[in-house]
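Data block below; observations after.
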Amino acid sequence: MASLAQMADKEWSTVAGIYFLSGKISSTQYEAARRFSTLLEAYARTLQGPRQPYSSSGEKGSLGAPVDVDTSAGIDEANRHIGIMQRYNDAHVVLTASGYMIEASVISFCDGLGQTPTGFEGLLRTRKGLDALATLWKIVSK
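Those letters in the sequence shown? Residues 41 to 182, by the numbering used here.
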C-alpha cells in the first residue's frame with residue numbers, strides 16, 4: 041500500500057518506521073528505536089564470538105589466521121566487544137527498571153523488522169521503554 045501511495049521512505053520497511061510515519065510514536069522514540077535496533081544486531085554478533093577468519097591463501101601469516109588477542113588488532117576487537125556489552129547492559133538496566141514487560145515489548149518492537157505491540161497497553165509499554173532509552177542516550181526532539 042505504501043509503494044502505491046508513492047511513499048518510498050526507508051522508514052516504511054520496519055514496524056518502528058511505520059509507527060513513526062503514522063504518528064503513533066514521536067521522532068525521539070523513533071530515533072531510540074533505531075539505535076536500539078542497531079545495538080541489538082551488534083549484541084547478537086558479539087555473543088557469537090570473534091569474527092571468523094578470512095580465507096587463507098596458504099601462506100604463513102595470511103588472513104586465514106584468527107585475530108591474536110595480544111596484538112593491537114586483537115585488543116581493538118576485544119574493546120569493541122566490551123563497549124557493545126556495556127551499552128547493551130545499560131539499556132537492559134534502564135528498560136527493566138522502567139516496569140513490567142517493558143524490555144520484552146521494546147525488544148520485539150525493535151528486533152529485525154519488528155513486531156507490532158499487542159494492544160494499546162503494549163503500545164504504551166513500548167513508548168515508555170523508548171522514552172527511557174531516549175533519556176539514557178540523551179536524544180532530543182528535532
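Ideal Cβ positions, reconstructed from N, Cα and C, are used throughout, including at glycine.
Decide if residue i is buried, meaning its Cβ has at least 16 other Cβ atoms within 10 Å, or exposed.
i	result
Tyr140	exposed
Glu161	exposed
Gly123	exposed
Val55	buried
Ala113	exposed
Gln88	exposed
Gly10	Examination of residue 10 is not possible in this model, given that the chain is present from 41 through 182 alone.
Gln126	exposed
Measure the alpha-carbon distance for residue i versus residue j and round it to whole angstroms.
i	j	result
Gly152	Glu143	15 Å
Tyr128	Arg75	11 Å
Arg167	Thr78	18 Å
Ala137	Tyr83	20 Å
Thr156	Cys150	10 Å
Asp110	Asn119	12 Å
Gly57	Tyr70	7 Å
Ala174	Leu164	15 Å
According to DSSP, is residue i part of a helix, a strand, or is it coil?
i	result
Asp238	No answer is possible for residue 238: the residues shown for the chain start at 41 and end at 182.
Tyr140	coil
Lys168	helix
Val134	helix
Asp110	coil
Thr68	helix
Val146	helix
Val55	helix
Gly63	coil
Gly89	coil
Compute the distance between the beta-carbons of residue i and residue j, then report whether it is under 9 Å.
i	j	result
Ser53	Ser181	no
Arg170	Ile65	Correcting the residue type first, residue 170 is Leu in the shown sequence and not Arg. Contact: yes.
Ile179	Leu80	no
His132	Thr86	no
Gly159	Ala73	no
Would the C-beta of residue i count as close to the ligand SAH, meaning under 8 Å from any of its heavy atoms?
i	result
Ser181	In terms of ligand content, the structure shown is empty, and the ligand SAH therefore cannot be addressed.
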